[in-house]
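FYI, the numbering for the sequence shown is 23 to 270, going by my numbering.
Using N, Cα and C, we set each Cβ at its ideal position, and we do this for glycine too.
Please read these numbers as outputs of a predicted model, since none were measured by experiment.
Below you'll find the structure, written out as structure tokens, and then a few comments.
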Amino acid sequence: MLTCGLLLVAAGCATYNSATGRNEVIFISTSQEVSAGHQIHGELSKKHKILKGTDEAARLERIGQKVARVSDRQDIEYQFNLIESDEINAFTVPGGHIYFYTGLFRQLNTDDQIAAVLGHEIGHSAAKHVVKKFQAALGYNVARNVVVNLLALKAPGLGNVAGMGADGLMTLASSSYGRQDEYEADRLGIKYLHLSGYDVNGMIQILTLLQAQDKGGKGGLVFLRTHPFAKDRVVAAQKTIDEVKKKY
Ligand SMILES: [Zn+2]
Numbered sequence: 023m024l025t026c027g028l029l030l031v032a033a034g035c036a037t038y039n040s041a042t043g044r045n046e047v048i049f050i051s052t053s054q055e056v057s058a059g060h061q062i063h064g065e066l067s068k069k070h071k072i073l074k075g076t077d078e079a080a081r082l083e084r085i086g087q088k089v090a091r092v093s094d095r096q097d098i099e100y101q102f103n104l105i106e107s108d109e110i111n112a113f114t115v116p117g118g119h120i121y122f123y124t125g126l127f128r129q130l131n132t133d134d135q136i137a138a139v140l141g142h143e144i145g146h147s148a149a150k151h152v153v154k155k156f157q158a159a160l161g162y163n164v165a166r167n168v169v170v171n172l173l174a175l176k177a178p179g180l181g182n183v184a185g186m187g188a189d190g191l192m193t194l195a196s197s198s199y200g201r202q203d204e205y206e207a208d209r210l211g212i213k214y215l216h217l218s219g220y221d222v223n224g225m226i227q228i229l230t231l232l233q234a235q236d237k238g239g240k241g242g243l244v245f246l247r248t249h250p251f252a253k254d255r256v257v258a259a260q261k262t263i264d265e266v267k268k269k270y
């Protein structure tokens with residue numbers, strides 16, 4: 023039965039992810055992920071003004087690369103893009119493309135705070151949260167391709183993920199993460215802040231800032247809609263800071 027075969031194959035395909043500390047089944051290869059990321063970046067570049075060659079863009083790139091160097095995930099090239107927009111948000115698409123809106127960037131006072139947002143987003147990438155959303159959406163069809171390919175002893179080429187089309191991929195990439203994914207990205211962000219020499223309290227500061235803005239009733243804060251639970255996250259982040267300082 024396909025289901026049994028799938029379970030067996032799935033168990034056999036699991037690989038250890040040092041970011042999450044778990045064995046995980048990832049059907050989408052890094053090269054497929056990078057290719058999907060290119061497509062999405064192309065679409066985003068058409069729709070948004072991405073600042074290049076400015077002091078702000080250089081600052082974002084400098085901080086981003088410093089944090090990325092300590093990421094658990096080093097099989098992709100991280101790219102940091104500053105989008106000219108009032109939106110208070112930052113987000114990650116597959117393949118290491120990370121986006122930061124000037125609306126959020128200009129509210130942050132220190133490199134530590136910028137590094138905290140970037141650490142969180144790099145955490146999503148390292149934990150492959152976006153890829154997992156893709157897998158959940160593609161689910162059965164992709165899984166079935168893996169089984170068919172393995173049974174036929176072919177190289178596990180999984181069909182074209184990017185065949186979904188850039189718009190579909192983008193919609194998926196920008197859909198909300200689960201609560202656990204957000205906590206995991208915070209935890210990884212704190213670890214990366216610490217390992218790259220930034221102040222881990224930057225994470226507490228940005229979470230508190232988001233919480234305060236939420237209370238202020240300004241509304242429409244996309245960062246909060248996609249990154250909810252600010253209050254609980256402050257508490258959890260403080261606990262992680264204590265753990266990370268002991269461990270590393
Ligand atoms: Zn997040």
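Which word fits residue 265, buried or exposed, when buried means at least 16 other C-beta atoms lie within 10 angstroms of its C-beta?
exposed
Are residue 231 and residue 255 close, meaning C-beta to C-beta below 8 Å?
no
With H, G and I counted as helix, E and B as strand and the rest as coil, what does DSSP make of residue 109?
coil
Report the option in 37, 233 and 64 whose CA atom is closest to the CA atom of residue 51.
Cα-wise, what sits closest to residue 51 is 37.
How should residue 259 be labelled, buried or exposed, when 16 other C-beta atoms within 10 angstroms of its C-beta is the threshold for buried?
Classification of residue 259: buried, given that the 10 Å Cβ count is 16 or more.
Please return the same chain residues whose Cβ sits closer than 7 Å to the Cβ of residue 263, not counting the five positions on each side in sequence.
Around residue 263: 212 and 222.
Candidates 144, 93 and 118: which alpha carbon is nearest residue 101's?
118
Given residue 95, which residues of its chain have a CB within under 7 Å of its CB, disregarding the five upstream and five downstream residues?
Within the same chain, Cβ atoms closer than 7 Å to the Cβ of residue 95 are found at 41, 147 and 148, the five residues on either side in sequence being excluded.
Just confirm the distance between the C-beta atoms of residue 153 and residue 62, as a whole number of angstroms; I'd bet it's less than 8 Å.
The Cβ separation is near 13 Å, so there is no contact.
Considering only residues of the region 98-143, which uninterrupted beta strand (DSSP E) runs meet the minimum length of 3 residues and lie entirely inside it, listed in chain order?
101-105, 112-115 and 119-123
Between residue 90 and the rest of its own chain, which residues show a CB-CB distance below 7 Å, the 5 nearest in sequence each way excluded?
100 and 144
Report the three-state DSSP secondary structure of residue 228 (helix, strand or coil).
helix
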